[in-house]
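Notes for the one structure printed next.
Numbering (our numbering), first residue to last: 43 to 90.
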């Protein structure tokens, strides 16, 4: 294992972690948006 190889692996691991965080945040955001949308729809239906 050369130092260069170690550096590349560390970089890839960091990128993978960041990507996971971004996807996780996007999934949570989408979930919250869907829940909010469902609640608004239910409230609107109830009001009509």
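Every residue, glycine too, gets a C-beta built ideally from N, C-alpha and C.
Spatial distance of residue i from residue j (CA atoms)
| i | j | result |
| --- | --- | --- |
| residue 36 | residue 45 | Any answer about residue 36 is impossible in this case: the structure gives the chain only from 43 up to 90. |
| residue 57 | residue 80 | 34 Å |
| residue 67 | residue 61 | 10 Å |
| residue 169 | residue 88 | As displayed, the chain neither begins before 43 nor continues past 90, which places residue 169 out of reach and without an answer. |
| residue 63 | residue 76 | 20 Å |
| residue 90 | residue 74 | 24 Å |
Continuous alpha helix (DSSP H) stretch holding residue i: start and end
| i | result |
| --- | --- |
| residue 48 | 45-89 |
CB contact check: residue i to chain D, cutoff 8 Å
| i | result |
| --- | --- |
| residue 81 | Looking for chain D here will not work: only one protein chain is present. |
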